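Per numbering that gives the first Met the number 0: the sequence shown ends with 117, consecutive numbering throughout. The C-beta atom is built at its ideal place from N, Cα and C for all residues, glycine as well. All values derive from a computational prediction rather than experimental measurement.
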Amino acid sequence: MQGFRTERLGQAIQEKIGSLILEGKIKDSRVNPYLSVNKVDVSKDLSYADVYVSDIRGKINEKEIEGLKSAAGFIQSQLGLVMHIRKIPKLRFHADTSIGESFELIKKIESLVENKQE
0 MQGFRTERLG QAIQEKIGSL ILEGKIKDSR VNPYLSVNKV DVSKDLSYAD VYVSDIRGKI
60 NEKEIEGLKS AAGFIQSQLG LVMHIRKIPK LRFHADTSIG ESFELIKKIE SLVENKQE
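In structure tokens, the structure reads:
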């Protein structure tokens with residue numbers, strides 16, 4: 000039962016942070032609207048939430064993560080307005096490079112297919 004609760008809480012946090020980024024409510028210039036929240040892992044005691052973020056244009060840089068880290072207090076306050084839980088988890092942001100790696104893998108596969116056809 001506890002795992003289901005943390006999973007639902009992670010999904011709710013993911014949706015809210017995604018909408019804050021998309022709507023441009025985070026005023027830090029390092030945070031651009033091309034950021035995507037891929038996954039949120041909430042700890043069992045609900046004290047921490049690891050937020051994995053990627054850039055849909057490709058590679059995410061450290062400045063974007065730093066911008067989110069500096070806006071973490073604002074994001075937590077916004078989460079507190081819509082979530083009805085006693086304590087909002089502390090947010091820890093991480094770069095998720097899986098999308099960029101997927102694009103590189105697709106390019107490699109396509110080049111191998113082209114070379115084989117020649």
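Within the DSSP secondary-structure output, H93 pairs in a beta bridge with Y51. For K38, the secondary structure class from DSSP, reduced to helix, strand or coil, is strand. Closest option to V81, judged by alpha-carbon separation, among E65, R7, A11 and G2: A11.
Using a Cβ distance threshold of 7 Å, Y33 and D95 do not count as a contacting pair. With a cutoff of 7 Å on beta-carbon distance, N37 and S18 are scored as not near each other. Contact fails between the segment 56-69 and the segment 104-116, because fewer than three Cβ pairs, one in each stretch, are under 8 Å apart. DSSP places G2 in the helix class (H, G or I) of the three-state scheme.
Separation of the CB atoms of I87 and Q75 is rounded to 5 Å, and the pair is thereby assigned contact status at 8 Å. Here L104 is actually not in contact with A48; their C-beta atoms are around 29 Å apart, not less than 8 Å.
Secondary structure of G17 (DSSP, three-state): helix.
In this structure, V30 and E63 form a Cβ contact; the two beta carbons are roughly 6 Å apart against a cut-off of 8 Å. Assignment of beta-bridge partners to G57 by DSSP yields D54.
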